[in-house]
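Colleague: Position one of the sequence shown corresponds to residue 23 (the numbering used here), numbered consecutively onward. Glycine included, each C-beta is placed from N, C-alpha and C at the ideal position. In this text the structure is predicted, and so the values were computed from the model without any measurement.
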Amino acid sequence: MDMSLRSRLALVCVALVSVSLLVSSLVWSLGLRVVTDRVDDISVSTIEGVTTDLLEKRARTAIQTLATGLVNPVYFFDLYAITTSLDTVRQDEQIAFVTVFEPNGTILHDGTEGFERFGEAMDDSLADWARMASEPIVRQEDGLLHVAAPLVIGEERIGGVRVAYNLDQITAKMEETAASIVAANASEVSKRIPQIAFVLGLLLFAGLLVSIFVATSLLNPLDRLVRVAETIEKGDYDVTVETGRGDEIGDLMHAFQRMGEAVQRNNLEIRHLAYHDSLTGLPNRLMFRQALEEEIACLEEDPERRVALMFLDLDDFKRVNDTLGHDEGDRVLVAFADRVKNCVSGLIETAGDDAPRTLLARLGGDEFTVILTGRNVIDFADRIARQLIDAVADPIRIAGRSLHVATSIGLTVCPDDASSAHVLLKNADIAMYRAKMLGKNRYQRFHRGLLTDAGQRLDLEARLRRAVDEGRLRVCYQPIVALPGRAIWGAEALARLNVDGGQQIPPSVFIPIAEETGLIGEIGRQVLMRATADAAAWPGSPDTRVTVNLSARQFRGDAMLRDVDQALAASGLAPERLILEITESSLLGTESSVIRLVSRLRERGVQVWLDDFGTGFSGLSHLRRLPVDGVKIDRSFISDILLDPDDLALAGAIISLARSLSMDVIAEGVESEGQLDLLMGRDCRLAQGFLFGKPAEHREFLELLGGPRLVARQGVGAC
């Protein structure tokens, strides 16, 4: 049966009863003081050292994770996303402050709810130290543990983040805990100081007994605890403290065992946060990069093995975020990640022993990667890509809607295409972008020719920006006719652009680039100003209308209203002659605010139409809630109405529904008399297409306005 420390000390007191009370007490007190000092030195100093080192390691890992999560919000100046990223940090009582700053040291976010120091310069003694950090760095000063890390995209530093921990508070708490343990044990021991009554001759023997007891009962267990603490200090948290004691020393040893287990759990959690994406649970960019470099390094062992890298990017995912919100967008990302995992794991199971090693990771945003390592990875990657495209095509149910998403995939192979992780990732990204340029929802294998294409794309972007800045935008007009007489009812203004050297860039090329670079807003504004000015000078009927397309990016807030007011005021065009065309995606997600915006336009007399109707997220019933004046049936439904009864039925249904809601309808893409006859038979009164004229320069369109009506004029127009 285990005896408590209190019982063992009582037995010693009985054995020493004959020792002189005064002498024995002095000797015992001296021994107790030595033991207490030893315990204090070992416990406090060791725990303090372990705490400081663990805190520094945790701080480096935490700041790197925080910096990775802040890159996109800081780059897009998304204060809401920055605040969300800092919420967890601000809840930690051990943190004195957290600051996100720009490259010049200006504070972007100080971690407070009101951004109290927003725009101020960091003026403390460590400001330059934090601002110049090229990697996570740690420094102690004034009782604080300062840690800073840069925010970097590629080679560009876009800012930094710093966090300060209350080191004195943490250390004081640990010292207080250790001191309380020592004090508790010392108090218990002092209460049981034996009243030694033995003669002085037995004092030496008694001292020997006490020394043996102290060594075996206190010092040896404490030495084992010191070794355990040193093991934890080295980063090995899987420690075992073997003890069969049931006394206070045993409790202390069990406490050290639990401390090691707790630190190990915290370390595993920190590592998981550092190496995994918080949204999907997939490996993140850091883990992906390490895994890719390890797989490439292992290729030397088997020359026949290959590493294939697949780069996946959701097509038009920004539209989902813009229309449905980021919360719904996150659900789409999770659903997409699950489909990719299921597709890859399904093929792995069917491949058996020939299956390659795989790793699926999320790099950030809507970008995902798949690493495949083996001897037949190219064929395997080809099967994965094809099945992924089919699997992703199935609708995703989000917020009561069926969303149709697609993905573009780039594929590259090591060592065939590159021998380093950095170049391999760049090649996969280039191949993925090429897939998008070819129409999206497909995959592309990397080849050397794509490097030239990528350089040409960057050059085109620069030339496009110069052309817009220099006002080289042209506006062409495609007639819209009233049926059955085919008199010109109006015209759609279409942007055309000549870059350096007079080369004309087709809209299918420059519009996506303009959307990505943000130039679409300036292009739309210039088209609006030019179209209203031209329409105001058109001869003939004073009711001839001009329609102008607005992108979803333009159709937001008061800036668009100011552009419309400015264009009407400068041109003198009657508001009822201006029609603004928007797509269904512009109305989703923020429907209530967009409806208010449409209403304010209609109060000015400007009409708003839905363009490409039938191709968006909504159904026909969506028209009932929207205060629009008309719809344009997308050309994809018109092109096959002579062959596909379903397209004809759908076009007829759109016309009937719009008429019942007192809306006008324009059929786009009419190219033959047969199509026109079917549409007129279903009471379509407005049409547009090559049958009546191609987009033409303004001077050519003025010639069309002089005729009484339009017949087949496919040869007219050169835009």
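For residue 416, count neighbouring Cβ atoms within 10 angstroms of its own Cβ and tell me buried if that reaches 16, exposed if not.
Modeller: Label assigned to residue 416: exposed.
Colleague: Which residue comes first and which comes last in the beta strand (DSSP E) that contains residue 332?
Modeller: Start and end: 328-336.
Colleague: Let's see if you can read the secondary structure: which residues bound the beta strand (DSSP E) around residue 654?
Modeller: It spans 652-655 - the beta strand (DSSP E) in which residue 654 sits, taken as one unbroken run.
Colleague: Are the Cβ atoms of residue 447 and residue 332 separated by less than 8 Å?
Modeller: Their beta carbons are not under 8 Å apart, which means residue 447 does not touch residue 332 by this criterion.
Colleague: Note down, one range per segment and in chain order, each alpha helix (DSSP H) of at least 4 residues found wholly within the region 506-563.
Modeller: Here the runs fully enclosed are 529-539 and 542-558.
Colleague: Mind checking who residue 718 pairs with in its DSSP beta bridge?
Modeller: Paired residues: 499.
Colleague: Would you grab the beta carbon distance between residue 155 and residue 182 for me? Rounded to a whole angstrom, and I think it's under 8 Å.
Modeller: Residue 155 to residue 182, Cβ: 6 Å. Contact.
Colleague: Is DSSP giving residue 370 helix, strand or coil here?
Modeller: If DSSP states are grouped into helix, strand and coil, residue 370 belongs with the helices.
Colleague: Can you check DSSP and say which residues form a bridge with residue 635?
Modeller: According to DSSP, residue 635 bridges with 655.
Colleague: When the Cα atoms are used, what is the spatial distance from residue 701 to residue 564?
Modeller: Approximately 27 Å, taken between the alpha carbons.
Colleague: If the criterion is Cβ atoms closer than 8 Å, does the pair residue 420 and residue 495 meet it?
Modeller: Taking 8 Å as the Cβ cut-off, residue 420 and residue 495 do not qualify as a contacting pair.
Colleague: On the DSSP letters alone, give me the boundaries of the beta strand (DSSP E) that residue 172 sits inside.
Modeller: Element bounds for residue 172: 166-175.
Colleague: Please state if the CB of residue 335 and the CB of residue 389 are separated by a distance shorter than 8 Å.
Modeller: Closer than 8 Å, so yes.
Colleague: Using a Cβ-Cβ cutoff of less than 6 Å, which residues in the same chain neighbour residue 159 once the five nearest sequence positions on both sides are dropped?
Modeller: Once the five neighbours on either side are set aside, the close Cβ partners of residue 159 are 170.
Colleague: Which residues share a DSSP beta bridge with residue 577?
Modeller: Paired residues: none, contrary to the question.
Colleague: Identify every residue that forms a DSSP beta bridge with residue 123.
Modeller: According to DSSP, which records beta bridges pairwise, residue 123 is partnered with 129 and 182.
Colleague: Does the distance from the C-beta atom of residue 330 to that of residue 403 stay below 8 Å?
Modeller: Yes, the pair counts as a contact, with Cβ atoms nearer than the cut-off.
Colleague: Measuring CA to CA, which of 168, 80, 689 and 289 is closest to residue 672?
Modeller: Considering only alpha carbons, the answer is 689.
Colleague: Hey, quick one: how far does the beta strand (DSSP E) through residue 394 stretch, first residue to last?
Modeller: Per DSSP, residue 394 belongs to the beta strand (DSSP E) from 389-396.
Colleague: Using a Cβ-Cβ cut-off of 8 Å (strictly less than) and excluding sequence neighbours within five positions of residue 308, which residues of its own chain qualify?
Modeller: Here the set comprises 86, 90, 296 and 297.
Colleague: May I ask which residues mark the beginning and end of the alpha helix (DSSP H) holding residue 449?
Modeller: 443-459 is the extent of the alpha helix (DSSP H) around residue 449.
Colleague: Just how far apart, CA to CA, sit residue 131 and residue 94?
Modeller: When rounded, the distance between both Cα atoms is 15 Å.
Colleague: Look at the alpha carbon of residue 639 and the alpha carbon of residue 649, and state the distance between them as a whole number of angstroms.
Modeller: Summary for residue 639: the model assigns pLDDT 45, below 50, so the residue's position carries little reliability; its value from the coordinates is reported in the next sentence. If I take the Cα positions, the gap works out to 18 Å.
Colleague: Relative to the C-alpha of residue 387, which residue among 405, 342 and 409 is closest?
Modeller: Nearest option by C-alpha distance: 342.
Colleague: Return the chain-ordered list of same chain residues with a C-beta closer than 7 Å to the C-beta of residue 366, the five sequence neighbours on each side being excluded.
Modeller: Cβ neighbours of residue 366 beyond the five flanking positions: 380, 382, 392 and 406.
Colleague: For residue 554 and residue 589, which I take to be in contact (beta-carbon distance under 8 Å), what is that distance rounded to the nearest angstrom?
Modeller: Yes, residue 554 and residue 589 are in contact; Cβ-Cβ is about 4 Å, under 8 Å.
Colleague: Rounded to the nearest angstrom, what separates residue 601 and residue 180 at their Cα positions?
Modeller: If I take the Cα positions, the gap works out to 42 Å.
Colleague: Strictly by DSSP, which residues pair up with residue 465?
Modeller: Paired residue(s): 431.
Colleague: Residue 626 to residue 597, Cα distance in whole Å?
Modeller: Their Cα atoms are separated by approximately 7 Å.
Colleague: How should residue 97 be labelled, buried or exposed, when 16 other C-beta atoms within 10 angstroms of its C-beta is the threshold for buried?
Modeller: Exposed, because fewer than 16 other Cβ atoms sit within 10 Å of the Cβ of residue 97.
Colleague: Would you give the residue range spanned by the alpha helix (DSSP H) that residue 405 belongs to?
Modeller: Per DSSP, residue 405 belongs to the alpha helix (DSSP H) from 399-415.
Colleague: Using 8 Å as the cut-off, can you tell me whether the region 421-428 makes contact with the region 362-376, which would need three or more C-beta pairs spanning the two stretches below that distance?
Modeller: Not touching, per the Cβ criterion.
Colleague: Just how far apart, CA to CA, sit residue 616 and residue 629?
Modeller: Roughly 14 Å between the two C-alpha positions.
Colleague: Would residue 499 and residue 348 be called neighbours here (beta carbons separated by less than 8 Å)?
Modeller: No.
Colleague: Figure out for me which residue from 714, 684 and 685 has the closest Cα to the Cα of residue 698.
Modeller: Closest option to residue 698, Cα to Cα, is 714.
Colleague: Going by DSSP in three states, residue 354 sits in which element: helix, strand or coil?
Modeller: Three-state result, residue 354: helix.
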